[in-house]
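Using our numbering, you'd call the opening residue of the sequence shown number 4 and step up by one each time. Note that CB positions come from ideal geometry on N, CA and C, so glycine has one too.
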Amino acid sequence: ANLTYSLNLESTDVSYNYEASQAIVTQTVGGDLDFLIGDLPVMTLVSYSDYFLDLSEVLDAEHIELYESDFLYVDKVVLEEILESKLKTEDMIQIQKCTEPEKMENPIPVMINMSNCELIQEIYEDTKEPIVIGCIINSSNVDRVIKFIDYLYEKPVI
Numbered sequence: 004a005n006l007t008y009s010l011n012l013e014s015t016d017v018s019y020n021y022e023a024s025q026a027i028v029t030q031t032v033g034g035d036l037d038f039l040i041g042d043l044p045v046m047t048l049v050s051y052s053d054y055f056l057d058l059s060e061v062l063d064a065e066h067i068e069l070y071e072s073d074f075l076y077v078d079k080v081v082l083e084e085i086l087e088s089k090l091k092t093e094d095m096i097q098i099q100k101c102t103e104p105e106k107m108e109n110p111i112p113v114m115i116n117m118s119n120c121e122l123i124q125e126i127y128e129d130t131k132e133p134i135v136i137g138c139i140i141n142s143s144n145v146d147r148v149i150k151f152i153d154y155l156y157e158k159p160v161i
């Protein structure tokens, strides 16, 4: 199965982004996706759709220590307001910076900035935005996702 989809926030091709979004949703609901990797603007938008696990709840202390400096956050208060339809996602993305947890009411780590990962930088060498990864909220393979991140960083934790 093709599990490579691309969203482009700057694209004028609405149908392409719609089809890619629908494919990601379908694969997620079906339990076929364990993580998403993408550029920071797209992944920030996705993170405020309640797509990613709280990393502080699934990583052990050693992994938190390894990756904490690269954590990216959502504000749980804002996320809940969006989910309750009090706020439009598009409006909140303009003011929510996932790199500034100190400005959030209740920050939760949901993604890892892969800018310090040499392998990702080689693969995405022509990308202007930082590449980030998030573990899908309904993943049944969280341990594998953690091992994959360790592999990418070449930091296996035994």
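- Secondary structure in the segment 96-145: the beta strand (DSSP E) runs of 3 residues or longer, each lying completely within the stretch, are 110-116 and 134-138 in chain order.
- Rounded to the nearest whole angstrom, the CA to CA distance from residue 129 to residue 152 is 21 Å.
- Looking at 48, 103 and 125, the one whose alpha-carbon comes closest to that of residue 74 is 103.
- Beyond the five residues adjoining it in sequence on each side, residue 107 comes within less than 7 Å, by CB distance, of 76 and 78 in the same chain, given in chain order.
- With a 10 Å radius around the Cβ and a threshold of 16 neighbouring Cβ atoms, residue 154 comes out exposed.
- Bounds of the beta strand (DSSP E) holding residue 76 are 74-78.
- Here the C-alpha atom of residue 122 lies approximately 35 Å from the C-alpha atom of residue 85.
- Here residue 42 carries a strand assignment [DSSP, helix/strand/coil].
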